[in-house]
Amino acid sequence: MNITHFLTQVAILATGGILALAAGYFLIKNDIQNYFRFKTLEANKDSSTALLPLRLQAHERLIVFIERINPANLLVRLHQPAIELSALQSLVLNEIKAEYQHNIAQQLYVDSSSWNVVRKLKDDTIAMINNVVHGLPENSTGVDLSKKVLQHMSGIEENPYELTINILKKDIHALF
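If you read the sequence shown in this note's numbering, its first letter stands for residue 17, the second for the next number, and so on.
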């Protein structure tokens with residue numbers, strides 16, 4: 017009988033211990049889950065906080081890029097007296113491509129649709145310069161190219177450079 021009594025006592029104590037552990041687990045289960053959820057949110061917040069300055073800087077640099085390839089600014093900056101048409105065309109295209117290459121890594125920090133708009137603006141600017149050159153007579157000068165491009169830009173109802181900058185500004189405002 018002694019063994020039966022002992023086994024009964026062990027079974028009672030084991031059952032009580034298991035019930036106590038189960039009750040304790042269910043009481044702190046939510047606290048444990050909340051702790052790990054909080055840690056995950058905190059880690060995500062830290063990474064997004066660290067990326068914010070980089071994203072803002074990328075938007076800044078792309079706005080500067082857009083301003084630099086805007087023909088009104090580009091042609092004034094690259095203007096040289098008595099420059100030949102082909103020389104100015106080459107200078108303009110090289111400048112646009114160099115600016116783009118300088119800023120290509122910014123696509124990591126901006127929305128992909130915004131990056132596609134910036135890239136399309138660059139491609140459209142190159143195409144516009146080439147189309148204007150093809151439409152000019154052979155004896156034209158760099159000044160003729162500048163005039164024709166600026167006339168073309170003034171004839172556009174909505175300035176694509178301003179529209180692209182506005183898209184980037186909307187992206188920046190979406191960050192806050």
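Cβ atoms here follow ideal geometry from the backbone N, Cα and C, with glycine treated the same way.
C-alpha distance - residue i paired with residue j, whole-angstrom precision
i, j, result
"P87", "M169", "8 angstroms"
"F192", "N182", "16 angstroms"
"I172", "A121", "30 angstroms"
"R77", "Q105", "24 angstroms"
"L29", "L67", "55 angstroms"
"L2", "I145", "This structure does not reach residue 2, given that the chain is present from 17 up to 192, and the question cannot be answered."
"V108", "P69", "31 angstroms"
"F42", "N18", "36 angstroms"
"V148", "L179", "22 angstroms"
"D139", "K55", "45 angstroms"
"L57", "L184", "28 angstroms"
"T31", "K45", "20 angstroms"
"T24", "G33", "14 angstroms"
"S130", "L137", "11 angstroms"
"R135", "K113", "11 angstroms"
"L91", "T157", "13 angstroms"
"A39", "D47", "14 angstroms"
"A103", "L152", "14 angstroms"
"H150", "A98", "19 angstroms"
Which listed residue (the options) has its alpha carbon closest to that of residue i
i, options, result
"N119", "T157, L91, R84, Q25", "R84"
"Y125", "D187, I19, D160, V165", "D187"
"V133", "Y177, L37, S162", "Y177"
"H189", "L101, Q123, L72, I145", "L72"
"R93", "V159, S129, W131", "V159"
"I82", "L35, K45, I142", "I142"
"E111", "S128, N89, D127, A98", "N89"
Exposure label - residue i; buried when at least 16 CB within 10 Å
i, result
"A74", "buried"
"Q96", "exposed"
"Y116", "buried"
"F22", "exposed"
"V80", "exposed"
"L161", "buried"
"V165", "buried"
"L35", "exposed"
heavy atom of the ligand COA below 7 angstroms from residue i C-beta
i, result
"G151", "In terms of ligand content, the structure shown is empty, and the ligand COA therefore cannot be addressed."
* Ignoring anything shorter than 4 residues or poking outside the segment 100-175, list the alpha helix (DSSP H) runs there in chain order. => Listed in chain order, the complete alpha helix (DSSP H) runs (minimum 4 residues) inside the segment 100-175 are 101-119, 128-151, 158-171.
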